[in-house]
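K.L.:
The structure follows.
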Amino acid sequence: MDNPTKKILLASPRGYCAGVDRAVVTVEKALELYGPPVYVRKEIVHNKYVVQDLQGRGAIFVDELDEVPEGSTVVFSAHGVAPSVHVEAAERDLKAIDATCPLVTKVHAEVKRFASEGFQILLVGHNDHEEVVGTAGEAPEVITVVQDANEAATVEVADSSKLIWLSQTTLSVDEAMATVDVLKSRFPNLLSPPSDDICYATQNRQLAVKAMAKQCDVVIVVGSVNSSNSVRLVEVALDAGAKTSYRVDDATELQEEWFT
């Protein structure tokens with residue numbers, strides 16, 4: 001007997017967010033204006049096909065500024081950088097172009113504001129993620145990174161009388177709030193940010209996956225392994241009732257047994 005017809009559901013919204021589009025266009029415009037090579041500190045966005053395409057046009061991706069020749073043009077990625085990176089770029093006479101997502105810039109501004117007002121800051125996020133490294137660099141003396149609910153149960157702060165939590169913009173909303181709930185149970189004075197830090201595009205895509213997950217035998221997330229958003233969407237799908245979920249970079253990674 002032939003296999004029954006399989007139905008494919010497409011989540012909506014899906015695809016790149018405005019911050020990714022803006023960052024990619026920034027590199028493209030820099031290449032047009034200055035000509036190659038244009039250096040980019042870290043991957044402009046966490047998508048290997050975007051990176052490969054820009055490399056083909058003359059972008060050179062580096063991990064740190066000491067790999068960039070003095071006087072060259074350098075673009076900072078959508079994930080943002082610490083103030084010390086801006087200082088280093090100026091000292092090395094680099095033409096620095098900042099492609100930081102405006103929603104990440106908002107979190108940086110919140111850090112500076114609350115640090116200046118004497119708050120200790122609990123930054124909910126993954127401590128090795130470029131966004132968190134850049135955000136924490138705004139005020140490292142008052143920021144403690146909390147990765148999950150387990151860390152929230154044991155984290156200590158110098159002064160809990162003036163304490164606020166902020167977050168990485170690309171977290172799973174449910175995971176972040178589970179961490180915050182633990183923090184609130186331990187620190188009664190803990191304040192919440194004046195506005196939601198998790199990016200609206202991240203939230204919309206998570207809600208779209210949640211809405212369809214229970215209808216699906218398998219949820220396929222197309223995205224790179226180092227993309228926090230892509231990894232979180234797999235987790236969201238499984239938590240929302242999908243039987244299985246996988247992340248792939250492209251169609252060549254699909255396995256026939258996933259669909260039988």
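Quick note, the sequence shown lines up with residues 1 to 260 if you use the working numbering.
Think of the CB as a built atom: it goes at the ideal place given N, C-alpha and C, for glycine as much as any other residue.
Measure the Cβ-Cβ separation of Val209 and Ala240 and say whether it is below 8 angstroms.
P.N.:
Cβ atoms of Val209 and Ala240: closer than 8 angstroms.
K.L.:
Is Asp98 helix, strand or coil by DSSP?
P.N.:
Note: Asp98 maps to strand in three-state DSSP.
K.L.:
Go through the stretch 105-184 residue by residue and report every complete run of the beta strand (DSSP E) that reaches 3 residues or more, in order.
P.N.:
Counting only runs of 3 or more, we get 120-124, 143-146, 163-167.
K.L.:
Determine, using beta carbons only, whether Leu123 and Val157 come nearer to each other than 8 angstroms.
P.N.:
No, the Cβ-Cβ distance between Leu123 and Val157 is not below 8 angstroms.
K.L.:
His79 and Gly134 - do their beta-carbons sit closer together than 8 angstroms?
P.N.:
In contact: Gly134 and His79 (Cβ atoms closer than 8 angstroms).
K.L.:
So, with DSSP's three-state summary, where would you put Phe259?
P.N.:
Helix at Phe259.
K.L.:
Suppose you measure from the CA of Gly15 to the CA of Val45; what does that come to, to the nearest Å?
P.N.:
Rounded to the nearest angstrom, the two C-alpha atoms are 13 angstroms apart.
K.L.:
Residues bridged to Phe61 by DSSP?
P.N.:
Val40.
K.L.:
Across which residues does DSSP place Phe187 in a beta bridge pair?
P.N.:
Answer is none; Phe187 lacks a bridge partner.
K.L.:
Rounded to the nearest angstrom, what separates Ile198 and Val111 at their Cα positions?
P.N.:
For Ile198 and Val111, the distance between alpha carbons rounds to 15 angstroms.
K.L.:
I'd like to know whether the C-beta atoms of Ser227 and Gln206 end up nearer to each other than 8 angstroms.
P.N.:
Their beta carbons are not under 8 angstroms apart, which means Ser227 does not touch Gln206 by this criterion.
K.L.:
Taking the alpha-carbon of Thr170 as reference, which of Lys162, Ala149, Pro193, Ala201 has the nearest alpha-carbon?
P.N.:
Checking every option, the nearest Cα to that of Thr170 belongs to Ala201.
K.L.:
Beta-carbon separation of Val74 and Ala96 under 8 angstroms?
P.N.:
Contact flag set, yes.
K.L.:
Short of 7 angstroms in beta carbon distance, which residues of its chain neighbour Cys149, apart from the five on each side in sequence? Order them along the chain.
P.N.:
Here residue 149 turns out to be Ala, not Cys, going by the sequence shown. Within the same chain, Ala149 has close Cβ partners Ala178, Thr179, Val182.
K.L.:
Report the rounded CA-to-CA distance for Glu91 versus Phe119, giving the unit in angstroms.
P.N.:
Rounded to the nearest angstrom, the two C-alpha atoms are 31 angstroms apart.
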